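Numbering (full-length UniProt numbering), first residue to last: 1 to 576. Positions of the beta carbon are idealized from the N, C-alpha and C atoms, including for glycine. The structure presented is a predicted model; accordingly, all values stated were derived computationally and were not measured.
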Ligand code: GLY
């Protein structure tokens with residue numbers, strides 16, 4: 001992976017403007033720092049993290065103590081979670097990282113790509129019907145992983161420590177083991193039922209037991225090779241050989257797919273809202289566009305929201321009306337920008353959103369069929385994934401969401417590596433161009449094509465005010481990701497709630513389809529009178545197990561205040 005030149009970066013600019021394709025360009029950026037601890041003065045009282053488990057928190061703490069910055073800590077967290085949070089942390093998947101470094105926003109897209117042999121109809125039978133489970137479980141479901149390339153790019157561009165240093169905690173937990181949490185065992189048990197007879201999942205994770213130390217020697221060997229030889233080991237070395245050998249005769253990924261994989265620096269989506277600068281994920285995520293649309297439309301409906309109590313029936317109705325329109329746009333316009341010209345500027349334009357907000361019916365749910373353009377897919381999106389937020393005392397922030405899609409991804413573990421491979425191919429539209437249940441043709445924007453990245457909802461987000469970081473936030477949750485972030489941001493900034501309460505508060509979700517369905521969660525249920533009043537408005541209540549696991553940090557003055565969602569096993573630390 002050679003050093004960058006300026007010409008390549010200017011190609012990236014043109015590509016973002018939709019003038020050329022960058023699907024084949026490898027945009028390695030010039031490192032910003034000579035390696036070595038930071039020397040500039042601190043601007044915050046401490047560094048802070050909000051992460052999915054305590055091992056990754058320990059890893060981050062070690063990295064900060066060694067003089068690392070937010071990017072070093074983030075990369076150490078990502079590799080550690082691949083070991084200690086194997087249901088969603090990963091090196092066999094992909095994700096997005098939003099960064100704010102030295103007062104400037106950045107974004108790296110390391111989303112998985114479809115293999116070269118992928119076809120538009122690969123999940124359909126001879127009658128053109130979707131083959132149940134084929135994009136979800138087993139070898140065929142796997143996209144070409146991007147996490148190692150993304151971490152390599154971010155760390156070499158912005159990290160202060162040596163690459164080996166940031167890999168060290170993950171290698172330790174893989175080699176020497178970590179104590180398994182009950183939640184992890186439970187998630188393993190649930191996932192194993194789906195994988196039974198289809199994958200080698202049990203060989204690697206069958207013995208994992210709550211309360212006992214679990215070691216992963218194959219994974220330790222992979223991480224050691226990556227530490228010694230860099231990302232190219234994963235994409236061109238022994239690890240690539242082992243992944244390709246595992247796939248042979250079962251799935252599509254070849255050595256060529258791995259060799260060709262590239263992470264891409266993209267322009268984040270940015271918007272002014274409520275005195276803040278929102279910096280968030282661009283396509284191939286739908287999340288950043290969705291979040292900006294939600295925030296701006298709610299601001300446009302200030303009169304309608306005036307005096308409406310948080311999470312009251314009227315509040316839930318107005319929020320659902322906004323969400324209906326956002327999900328209609330998502331289904332029609334969002335996809336991989338290297339393959340499809342996504343109209344980001346138009347979709348987040350103030351005048352456009354004011355017009356959309358004016359369509360909201362304050363009294364009753366708008367008829368689902370009338371919400372144009374494009375009615376969304378009713379395919380349920382996997383809700384798992386994981387997020388972490390980091391800020392260092394120099395004011396640099398990382399918001400990172402990454403995924404193998406469902407818990408334990410496809411259930412395939414690349415033989416001899418311990419790497420859990422994703423089922424991200426399920427995030428493509430398996431059957432575009434075919435009328436859905438409402439007789440509306442779904443979008444081609446997210447159809448399967450070789451090297452294309454499937455549409456995501458991951459929304460790693462940073463809010464700044466006057467050039468300083470104010471909030472770092474993200475969550476897992478599939479299509480619930482950006483409605484979750486929307487609700488927490490509203491709770492903090494519109495309702496002045498402390499971040500802890502804002503994260504813990506009840507969350508609900510609407511996504512156009514099923515018609516007028518409001519999803520609620522067991523953690524803080526919509527029940528009793530509230531449930532009856534929502535139903536009386538014409539909504540159908542639908543239970544769900546999961547509505548996110550937010551990891552967020554709010555900066556008050558010069559003090560970072562991290563919060564982990566009480567719904568998960570996340571951990572926060574403030575590190576001097
Ligand atoms: N696989 C979940 C997402 O990308 O949003």
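About 14 angstroms separates the beta carbons of residue 35 and residue 167, which is beyond the 8 angstroms limit, so they are not a contact pair. As the crow flies, the alpha-carbon of residue 44 is around 27 angstroms from that of residue 267. Beta-bridge partners assigned by DSSP to residue 97: 108, 400.
Listed in chain order, the non-local C-beta contacts of residue 68 below 6 angstroms within the same chain comprise 160, 161, local neighbours out to five positions each way being set aside. For the ligand GLY, no non-hydrogen atom lies closer than 6 angstroms to the CB of residue 483. Membership of residue 543 in the beta strand (DSSP E) is indicated by the continuous run 540-543.
A check of alpha carbon separations from residue 559 across 417, 571, 391, 409 identifies 391 as the nearest.
Residue 487 is classed as buried because its beta carbon has at least 16 other beta carbons within 10 Å across all chains shown. Cβ neighbours of residue 550 within its own chain (closer than 7 angstroms, five residues either side excluded): 473, 475, 484, 488, 503, 565.
For the region 514-568, the continuous alpha helix (DSSP H) assignments of 4+ residues that do not extend past its boundaries occur at 528-536, in sequence order. Here residue 259 is exposed, its C-beta having fewer than 16 other C-beta atoms within 10 Å. Secondary structure of residue 152 (DSSP, three-state): helix. Cβ-Cβ distances below 7 angstroms link residue 531 to 541 in the same chain, with the five nearest sequence neighbours on each side left out; the list follows chain order. Taking a 10 Å sphere around the C-beta of residue 495, we find fewer than 16 other C-beta atoms and assign the residue as exposed. Partner residues in a beta bridge of residue 172, as assigned by DSSP, do not exist.
Around the Cβ of residue 131, a 10 Å sphere holds fewer than 16 other Cβ atoms; the residue is exposed. Linking residue 404 to residue 298 through their CA atoms gives a straight-line distance of about 32 angstroms. When the five nearest sequence neighbours on each side are left out, the beta carbons in the same chain lying within less than 6 angstroms of the beta carbon of residue 553 are those of 48, 50, 389, 391, 472, 560, 562, in order along the chain.
With respect to the 7 angstroms criterion, residue 534 and residue 316 are classified as neighbours on the basis of their beta carbons. By the Cβ rule, the region 141-153 counts as touching the region 398-415, because three or more pairs are nearer than 8 angstroms.
Taking non-hydrogen atoms of the ligand GLY into account, the C-beta of residue 456 is found less than 6 angstroms away from one of them.
When beta bridges are read from the DSSP output, residue 389 appears opposite 50, 399. In this structure, residue 91 lies away from residue 154, with their beta-carbon atoms at least 7 angstroms apart. By the C-beta density criterion, residue 443 is buried, having at least 16 other C-beta atoms within 10 angstroms.
Here residue 286 is buried. Its C-beta has 16 or more other C-beta atoms within 10 Å. When DSSP states are grouped into helix, strand and coil, residue 394 belongs to the coil group. Remark: the C-beta of residue 405 is in contact range of the ligand GLY, defined as less than 6 angstroms to any heavy atom.
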